[in-house]
Ligand SMILES: *[C@@H]1O[C@H](CO)[C@@H](O)[C@H](O)[C@H]1NC(C)=O
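In my numbering, the protein residues as written are 1068 to 1347.
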């Protein structure tokens, strides 16, 4: 028992004060990514010469990851700020949030995707019920063996269920890092590429704070908590399903804010929709 407790305490990242110096590294952008306020704030910028990005030092196998973002204000058309989990290799798994900028006053689009075994094509897009450029909002990914849940301020916007039983691959054994970046995507991002980036408005800056991971940290080729977790553990993000209130919110978002769903795109999948679409 003692051993198990030790094992658990070493493999779970507790919710502790954000320190971007400790948990992340700026990986590209030549000074355009900055860690500020003693590690409590991070900013990424894009100008005509380059974007920027960061990644987590840890790799995780399952977790509930929260990040607060304040997106590029005013005219952000053509820019994409991405925030995602990804493993490595040619059959990688990936869980994506991408925020597609827009002209001042026009809504951002939240683009989501799930890759399993190197295959994506599972896009769902949403508008938000608030302006994401005025204040920080929390964007979360809950990833356990049952499902992946994307949420915004605690409201689920998308669920990707584990349907391995009907032959849909699910991210089960490849550890993932957290990545984020801002780059120019004006060939497709805003109104399908019609609206271009206006460089005279640059630099474009997105801000990050209050990172929180309740997650199994991968180290030395294993992540003990996925297998050994006592199911009675009170903070049970690892085996939690959506409760009825969350399901209601999910329906509300899908009804009012979903603007694209691959599972409804019969033009794109004329023969038959992907298997997981039965429930999506
Ligand atoms: C930008 O605004 C237009 C007009 O409201 C909207 O149709 C579109 O979904 C918005 N987002 C992007 C990324 O184009």
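Glycine included, C-beta positions come from ideal geometry on N, C-alpha and C.
query = Going by DSSP, which residues form a beta bridge with residue 1133?
reply = As a position in the chain shown, residue 1133 is number 66, starting the count at 1. Beta-bridge pairing links residue 1133 to 1207 and 1279.
inquiry  = Measuring only the C-alpha atoms, how far is residue 1334 from residue 1230?
reply    = Counting from one through the chain shown, the residue named residue 1334 turns up at place 267. Counting from one through the chain shown, the residue named residue 1230 turns up at place 163. Near 24 Å, if we compare the C-alpha coordinates of residue 1230 and residue 1334.
inquiry  = Taking its Cβ as the centre, do 16 or more other Cβ atoms sit within 10 Å of residue 1125, making it buried, or is it exposed?
reply    = For the purposes of this step, residue 1125 is identified with residue 58 of the chain shown, where counting begins at 1. Looking at its Cβ environment, which holds 16 or more other Cβ atoms inside 10 Å, residue 1125 is buried.
ask   = Where does the unbroken alpha helix (DSSP H) through residue 1087 begin, and where does it stop?
value = Position 20 of the chain shown, counted from the start, is the residue given in the question as residue 1087. Where residue 1087 is concerned, the enclosing alpha helix (DSSP H) stretches over 1087-1090.
ask   = How is the alpha helix (DSSP H) around residue 1314 delimited, first residue to last?
value = As a first step, residue 1314 must be located in the chain shown, where it is residue number 247. Looking at the DSSP string, the run of the alpha helix (DSSP H) that includes residue 1314 is 1311-1323.
key: For review: beta carbons within less than 5 Å of any heavy atom in ligand 1   = 1167, 1169, 1173, 1176, 1257 and 1258
query = Does the beta-carbon distance from residue 1138 to residue 1200 come in below 7 Å?
reply = By one-based count along the chain shown, residue 1138 stands at place 71. By one-based count along the chain shown, residue 1200 stands at place 133. Result yes, Cβ atoms of residue 1138 and residue 1200 sit closer than 7 Å.
request  = Pull up the distance between the alpha-carbon of residue 1102 and that of residue 1093, whole angstroms please.
outcome  = The count along the chain shown starts at 1 and reaches residue 1102 at position 35. The count along the chain shown starts at 1 and reaches residue 1093 at position 26. Each residue's alpha carbon lies about 8 Å from the other.
message = Please state the DSSP three-state secondary structure of residue 1123.
response = Position 56 of the chain shown, counted from the start, is the residue given in the question as residue 1123. Strand, per DSSP.
inquiry  = Less than 7 Å between the C-beta atoms of residue 1167 and residue 1147, yes or no?
reply    = Numbered from 1 along the chain shown, position 100 holds the residue referred to as residue 1167. Numbered from 1 along the chain shown, position 80 holds the residue referred to as residue 1147. Going by C-beta atoms, residue 1167 is nearer than 7 Å to residue 1147.
Contacts around residue 1227, its chain only, beta-carbon distance under 7 Å, and the 5 residues preceding and following it disregarded = The sequence position of residue 1227 within the chain shown is 160, counting from 1. Correct list, in chain order: 1181, 1214 and 1215.
task = Pick out whichever of 1164, 1196, 1156 and 1202 has its Cα sitting closest to the Cα of residue 1185.
result = Along the chain shown, read from residue 1 onward, the residue named residue 1185 stands at position 118. Measuring from the Cα of residue 1185, the nearest candidate turns out to be 1156.
query = Quick one: what's got a C-beta closer than 7 Å to residue 1191's C-beta in the same chain, skipping five residues either side?
reply = Here residue 1191 is taken as the residue at index 124 of the chain shown, counted from 1. Cβ within range, chain order: 1179, 1225, 1325, 1327, 1328 and 1329.
inquiry  = When you compare the CB positions of residue 1218 and residue 1207, do they come within less than 7 Å of one another, or not?
reply    = Counting from 1 along the chain shown, the entry for residue 1218 is found at position 151. Counting from 1 along the chain shown, the entry for residue 1207 is found at position 140. Yes, the pair counts as a contact, with Cβ atoms nearer than the cut-off.
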